[in-house]
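Converting from the sequence shown to the working numbering requires adding 5 to each position, the first position being numbered 1. The structure appears below as structure tokens.
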Amino acid sequence: MFKTIADPADCEVCSVIRFLNAKSVKPAEIHHQLVQIYGENVMTDGMVRKWVRQFNDGRTNVHDEARSGRSFVVNDGWEQFDQPPCSPDLAPSDYDLYLKRDFGGRHFASDDDAKSGVQRRLSSLATSFFEEGIDKLVSRYDKCLNNGGNYVEK
């Protein structure tokens, strides 16, 4: 039996993936070894495969790419928290559903035409649509925070 390591940093896990990949260990075996040491919630097999592909394509950085939306205080006194990686449940997919329904399969002559069409559609939505979406974020973010920032399954 192995000693388990709780709450590893993401970069630690990615460093292990990079190391084992350099030793030609297959992604499935890398995932198996990660689960043995870090536990079931360490990273999905699919994410391990994604990191292996990136390392095979020449990536050397083991840190997540910087994203917009990192912590800062908004003027109205609302604090915007960091969004943990791999938490798609924090993004309200309701917005996408409306846009896909309206624009799915449609081709635009230019980027400006696409932007204009989306802006017109979003402007036509009632304020309550956006308020409900923001309200859903509270419970989704709470679920993520209570899970230690780990991936949240629905």
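Note that beta-carbon positions come from the ideal geometry of N, C-alpha and C, so glycine has one too.
Extent of the continuous alpha helix (DSSP H) run through residue 132: 132-151
Cβ-based burial, residue 6 [other Cβ within 10 Å; buried from 16]: exposed
Alpha carbon of residue 62 to alpha carbon of residue 51, nearest angstrom: 17 angstroms
The region 26-36 / the region 53-67 touching (three or more Cβ pairs under 8 angstroms): yes
Residue 21 burial status per 10 Å Cβ neighbour count (16 or more: buried): buried
Where residue 78 falls: helix, strand or coil (DSSP): Confidence at residue 78 is low in this model, with a pLDDT of 45, below 50, so its placement is unreliable and no value can be given for it.
Cut-off 6 angstroms between Cβ atoms - residues of its own chain near residue 60, not counting five sequence neighbours on either side: 23 and 26
Rounded C-alpha distance that separates residue 138 from residue 112: 27 angstroms
Burial state of residue 130, where buried means 16 or more other Cβ atoms lie within 10 Å: exposed
Between the CA atoms of residue 35 and residue 110 - distance to the nearest angstrom: 39 angstroms
Nearest-angstrom beta carbon gap, residue 12 and residue 69 [assumed within contact, 8 angstroms]: So it is not a contact: roughly 16 angstroms between Cβ atoms.
Contact under 8 angstroms by Cβ, residue 18 with residue 47: yes
Residue 114 versus residue 135: straight-line alpha-carbon distance, rounded: 28 angstroms
Integer Cβ distance of residue 42 from residue 9, believed to fall under 8 angstroms: 6 angstroms
Per-residue burial, residue 39 [other beta carbons within 10 Å of its own, 16 or more giving buried]: buried
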